[in-house]
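Student: Next up is a structure, given as structure tokens.
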Amino acid sequence: MNQSEKRATALALYPEDTREAAALLKQAVPLMVRHNIPPNPVHYALWYTYSKGANPELNRHIDRVVRDFESFPPESATKLFREYIIRDELEDARVGQQQAINLVDGMERDVSRSVSGSLNYQNSLGHCLEMLDSPVEKSLPTILNELQQSTQLMQDQQALFLFQLRSAQNEIKTLREKLEQASLAASLDGLTQLLNRNSFNRVLEQALSKAPKKVALVMLDIDHFKKFNDEYGHPLGDRVLEHVGQVLRNSLPPDAVAARYGGEEFCVVMHECNDLDTARAFAEQLRLKIQSLRIKARGTDTVLDTIAASFGVALSKPGDTLETLLTRADDALYLAKRSGRNRVQ
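To convert, count from 1 in the sequence shown and add 1; that's our numbering.
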């Protein structure tokens with residue numbers, strides 16, 4: 002996407018005229034003041050979009066952050082800004098990486114064909130040399146000698162070219178591996194090594210596109226995580242997130258994919274799951290495993306408070322979109338929170 006296209010995308014995101022923009026400003030600023038949010042550009046872009054109501058998923062996550070933290074932590078603002086306001090730019094980078102990988106793959110195929118052709122030609126030249134070594138009439142020795150020398154020279158040149166092609170092939174292979182590693186890293190959450198939100202959304206949208214096959218969505222949120230962070234500090238909070246991520250990775254059935262969806266919220270999509278009870282039973286297993294986690298503060302024998310999580314489970318329906326399925330799972334999760342937490346709904 003060139004600069005003019007990016008400007009057009011930004012204008013498409015915010016097409017309001019002066020009057021409409023002023024009205025949204027009058028809604029956004031009081032909300033920021035109410036929650037004691039510094040009026041910097043990142044915060045303003047989020048709350049302007051929130052006031053506009055154009056992105057229900059963003060509004061849902063802002064509401065959750067405010068509800069859970071009774072404020073709007075800077076790290077949450079940064080994450081939501083990246084995921085919702087500048088998502089297209091980040092997606093451009095991902096697509097560019099994939100295009101580079103495809104280009105390198107094509108180059109490698111071309112080099113492989115050249116290597117194969119060179120080997121065949123070299124074999125043919127070797128056969129010619131064998132034939133020239135056989136007895137011939139004495140009237141031809143000079144011609145044969147010149148032909149033999151020329152053939153040997155051509156064979157040497159082909160051997161050198163083959164070596165150069167193989168070296169280039171190895172370099173291309175190394176470059177492709179590095180590009181694939183970078184592409185994989187861009188799709189993962191750095192802390193838990195689960196998929197990040199954008200990658201998970203793509204997986205879920207792809208699963209929903211395979212209707213009438215059903216999928217189950219399990220959404221979980223660590224209970225009282227803000228209190229835990231306040232009491233033990235963010236480094237230990239990160240360790241809790243890492244351990245929960247490990248529980249998910251080690252517990253997934255073959256057809257399931259997990260993600261850290263944001264903050265202390267995680268999601269699991271179970272492909273071709275036709276039974277809500279099966280998905281809830283899986284969520285219950287996760288709940289018990291998380292509840293059994295025993296994490297010690299580094300350098301001490303102090304065991305941290307029991308880790309617990311609430312779960313919301315939803316099964317896809319005909320006509321479901323990413324947003325409708327997420328909303329149902331989130332509603333179930335909210336019900337689990339209201340019903341006492343550390344449970345599955």
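Even glycine gets a Cβ: it sits at the ideal position worked out from N, Cα and C.
#1: Look at alanine 280 and phenylalanine 201 and say whether their C-beta atoms are less than 8 Å apart.
#2: Which residue from Ala217, Ser293, Lys228, Pro236 puts its Cα closest to that of threonine 328?
#3: At the level of alpha carbons, what is the spacing between glutamine 346 and alanine 212?
#4: Can you tell me whether serine 317 is buried or exposed, with buried defined as 16 or more other CB within 10 angstroms of its CB?
#5: Output needed for phenylalanine 70: all residues of its chain with C-beta closer than 7 Å, excluding positions within five of it in sequence on either side, in chain order.
#6: Considering just the uninterrupted stretch of the alpha helix (DSSP H) at serine 77, what are its terminal residues?
#7: In angstroms, rounded to a whole number, what distance separates the CA positions of aspartate 224 and serine 210?
#8: Are alanine 22 and tryptophan 48 closer than 8 Å when you measure CB to CB?
#9: Report the option in Gln194, Ala315, Glu178, Thr50 whose CA atom is closest to the CA atom of asparagine 251.
#10: Work out the CA separation of lysine 174 and phenylalanine 164 for me, nearest whole Å.
#11: If you reduce the DSSP assignment to three classes, tell me which class glutamate 273 lands in.
#12: Looking at the structure shown, is arginine 288 part of a helix, part of a strand, or coil, going by DSSP?
#13: With arginine 299 as the anchor, note down where its alpha helix (DSSP H) starts and where it stops.
#14: Can you check which of these residues, Gln292, Pro42, Thr322, is closest to isoleucine 87 by C-alpha distance?
#15: Keeping to the same chain, check which residues put their C-beta closer than 7 Å to that of asparagine 37; ignore five residues upstream and five downstream.
#16: List the whole-angstrom C-beta distance separating valine 248 from leucine 205, where the pair is believed to meet the contact cut-off of C-beta under 8 Å.
#17: Cutting at 8 Å between CB atoms, please list the residues of its own chain near asparagine 197, excluding the five before and the five after it.
#18: Take glutamate 285 and list the residues in its own chain whose beta-carbon comes closer than 6 Å to its own, dropping the five residues that flank it on each side.
#19: Rounding to the nearest angstrom, what Cα-Cα distance links proline 16 and alanine 24 in this structure?
#20: Can you list, in chain order, the stretches of the alpha helix (DSSP H) that have 4 or more residues and sit fully within the region 13–58?
#21: How would you label arginine 339, buried or exposed, when you count the other beta carbons within 10 angstroms and need 16 or more for buried?
#22: Would you kindly report the start and end of the unbroken beta strand (DSSP E) that includes alanine 310?
#23: Since isoleucine 296 and arginine 240 should fall inside the 8 Å C-beta cutoff, what is the C-beta to C-beta distance between them, to a whole number of angstroms?
Tutor: Walking through what the data contain:
#1: Working through the sequence shown from its first residue, we reach residue 280 at position 279. Working through the sequence shown from its first residue, we reach residue 201 at position 200. Not closer than 8 Å, so no.
#2: Indexing the sequence shown from 1 puts residue 328 at position 327. That would be Ala217, whose Cα lies nearest to the Cα of threonine 328.
#3: Looking up residue 346 in the sequence shown gives position 345. Looking up residue 212 in the sequence shown gives position 211. The alpha-carbon atoms of glutamine 346 and alanine 212 are separated by roughly 24 Å.
#4: Taking the sequence shown and counting its residues from 1, one reaches residue 317 at position 316. The residue is buried, with at least 16 neighbouring Cβ atoms inside 10 Å.
#5: Taking the sequence shown and counting its residues from 1, the one referred to as residue 70 is at position 69. Here the set comprises Lys227.
#6: Position 76 of the sequence shown, counted from the start, is the residue given in the question as residue 77. 75–81 is the span of the alpha helix (DSSP H), which, as asked, contains serine 77.
#7: If you number the sequence shown from 1, residue 224 lands on position 223. If you number the sequence shown from 1, residue 210 lands on position 209. Computed Cα separation, rounded: 33 Å.
#8: As a working mapping, residue 22 is identified with position 21 in the sequence shown. As a working mapping, residue 48 is identified with position 47 in the sequence shown. No, the pair does not count as a contact, with Cβ atoms beyond the cut-off.
#9: On the sequence shown, position 250 is the one that residue 251 refers to. Ranking the options by Cα distance to asparagine 251, first place goes to Gln194.
#10: Against the sequence shown, residue 164 aligns to sequence position 163. Against the sequence shown, residue 174 aligns to sequence position 173. C-alpha separation (whole angstroms): 15 Å.
#11: In the sequence shown, the residue the question calls residue 273 occupies position 272. Correct three-state label for glutamate 273: coil.
#12: Against the sequence shown, residue 288 aligns to sequence position 287. Three-state result, arginine 288: helix.
#13: The residue you call residue 299 lines up with position 298 of the sequence shown. Premise fails: arginine 299 is in no alpha helix (DSSP H) and is neither H nor E.
#14: By one-based count along the sequence shown, residue 87 stands at place 86. Among Gln292, Pro42, Thr322, the Cα nearest to that of isoleucine 87 belongs to Pro42.
#15: Reading the sequence shown from its first residue, position 36 is the one you call residue 37. Closer than 7 Å at Cβ, skipping near neighbours: Ser72.
#16: Here residue 248 is taken as the residue at index 247 of the sequence shown, counted from 1. Here residue 205 is taken as the residue at index 204 of the sequence shown, counted from 1. Actually they do not touch by this definition, with Cβ atoms about 21 Å apart.
#17: Position 196 of the sequence shown, counted from the start, is the residue given in the question as residue 197. So the list reads Ser188, Leu189, Asp190, Ala260, Arg261, once near-sequence residues are dropped.
#18: The residue labelled residue 285 in the question sits at position 284 within the sequence shown. Cβ neighbours of glutamate 285 beyond the five flanking positions: Val345.
#19: Translated into positions along the sequence shown, residue 16 becomes position 15. Translated into positions along the sequence shown, residue 24 becomes position 23. Going from the Cα of proline 16 to the Cα of alanine 24 covers about 13 Å.
#20: 19–35, 42–53
#21: Taking the sequence shown and counting its residues from 1, one reaches residue 339 at position 338. Classification of arginine 339: exposed, given that the 10 Å Cβ count is below 16.
#22: Position 309 of the sequence shown, counting from 1, holds the residue named residue 310. From DSSP, the beta strand (DSSP E) with alanine 310 extends over 310–316.
#23: Indexing the sequence shown from 1 puts residue 296 at position 295. Indexing the sequence shown from 1 puts residue 240 at position 239. Contact holds; Cβ gap of about 6 Å.
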